[in-house]
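Heads up, the sequence shown is in our numbering, so the first residue is 130 and it goes up one at a time.
Don't be surprised by glycine CBs; every beta carbon is placed ideally from N, CA and C.
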Amino acid sequence: MKHAFLTTAAAALMALGSFAQAQDLKMSHVRPQDATIDVELRAFSAAVAEATGGSLNVNLFPASALGDYTTVQERVSVGAVDMATQPAATAADRRMQISSFPYLAGNWEQARAVYGPGGVVREVMAELYSEQDITMLAAYPVYFGGIALNVANPNAGSVEPNGIKVRVPGIKSFQMTGEALGYIPSPIPFSEAFTAVQTGVVDGVIGSGAEGYYASFRDVTKTYIPANTHFEVWYMIISNESLAGLSDEDQAVLRDKAAVFEATRWEVAEADQASNEQKLVDELGATLVELSAEELEAMAAKTRSEVWPAVLEDVGVEWGQAILDKVAASGN
């Protein structure tokens, strides 16, 4: 009888140990379920589960279900949330504005050199996350930013004042960029932005790109101007505490599949942007304004001269300028 009890207890402990080996990580992201990033993260999660034989599972929480991205980054920092794929929260460290510096890259080739593997900004962002007890696993290129309006702008390629009021994020670089491009910027929380456009408090939005406007502002977008205001890149991050809690083998798989996730995205991101721009036209009937190379360069030149010095003051002139110099030296 005693022998039978010990055998049963040992079996139970073995089962418990086997169960304990399987670990679940919570991953937050900012888009609704079935959005592009959600689909791509599901593929990433499936790849991790398959490669680890089910010992590691990444469970997705779309649509900011775990909190807005600023809150989530803070929670990742302290280990309360395991992972996230989202924009960098500049409230945590103003230097993170370097990631969304306006007109830092002018085309996809330049963007990949700056934000892709080995890129200047990518490396800097990894260091800044590290200071918050966060490990960056991947960069996720989203799009070049543009301007979505609920009204027409007959002088969309001009940088002269146009009297059009636009919602911008509460980040200095976006506010000043809007003004440099001739708009009247109005900092409004994202949660209130759609209603602000719908009710005419503002006439449009700066701070996102075609994918973001299609996802969140499709009913109030009549004009889309692909002004390449900034390059939007999100980061796949994990709490150092959560990462350390994994076996060496599972850590290696997680890093490997994150690298594949990033590499795959770089291959499709440009086409994805074009597809979303076309959706605004085909599905919503919006006007897509084509800007000339000269108009884009005039926008970039004015923004760089007026906005960069002020944002550098915000992030630290010496620190920020050193990064801009490295970007320039890399040919961008």
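- Note on Asp153: under 16 other CB atoms within 10 angstroms of its CB, so exposed under the neighbour-count rule.
- Counting other Cβ atoms within 10 Å of its Cβ, Asn188 stays below 16 and is therefore classed as exposed.
- According to DSSP, residue pairing for Asp153 in a beta bridge involves Asn186.
- Cβ-Cβ distances below 7 Å link Leu417 to Tyr353, Glu406, Leu409, Val410 in the same chain, with the five nearest sequence neighbours on each side left out; the list follows chain order.
- Considering only Ala373, Ala398, Tyr258, Thr200, the residue with the shortest C-alpha distance to Trp237 is Ala398.
- Rounded to the nearest whole angstrom, the C-alpha separation of Lys294 and Ser404 is 27 Å.
- Looking at Thr393, Glu396, Arg394, Ile366, the one whose alpha-carbon comes closest to that of Leu383 is Ile366.
- With respect to the 9 Å criterion, His158 and Phe273 are not classified as neighbours on the basis of their beta carbons.
- Boundaries of the beta strand (DSSP E) around Tyr353: 352-354.
- Here Ala240 is buried, its C-beta having at least 16 other C-beta atoms within 10 Å.
- In the three-state DSSP reduction, Glu260 falls in the coil class, being neither helix nor strand.
- Shown here for Ala164: same chain residues with a beta carbon closer than 7 Å to its own, the five before and five after excluded, namely Ala344 in chain order.
- By the C-beta density criterion, Gly248 is buried, having at least 16 other C-beta atoms within 10 angstroms.
- For Pro316, no alpha helix (DSSP H) encloses it; the enclosing beta strand (DSSP E) starts and ends at 313-316.
- Annotation: Glu179 to Glu391 spans about 18 Å, alpha carbon to alpha carbon.
- DSSP places Thr165 inside the alpha helix (DSSP H), whose first and last residues are 165-180.
- Ranked by Cα distance from Met212, the options Ile263, Met225, Gly183 are led by Ile263.
- With 16 or more other CB atoms across the displayed protein chains lying within 10 angstroms of its CB, Val271 is buried.
- Under DSSP, no beta-bridge partner is assigned to Leu383.
- Around the beta carbon of Ala400, fewer than 16 other beta carbons sit within 10 angstroms, so the residue counts as exposed.
- Residue pairing by DSSP places Phe273 opposite Phe360 in a beta bridge.
- Short of 7 Å from the beta carbon of Gln304, and not among the five residues preceding or following it, lie these beta carbons of its own chain, in chain order: Val297, Pro314, Pro316.
- Here Leu310 carries a coil assignment [DSSP, helix/strand/coil].
- By the neighbour-count criterion, in which 16 or more other beta carbons inside 10 Å mark a residue as buried, Asn284 falls on the exposed side.
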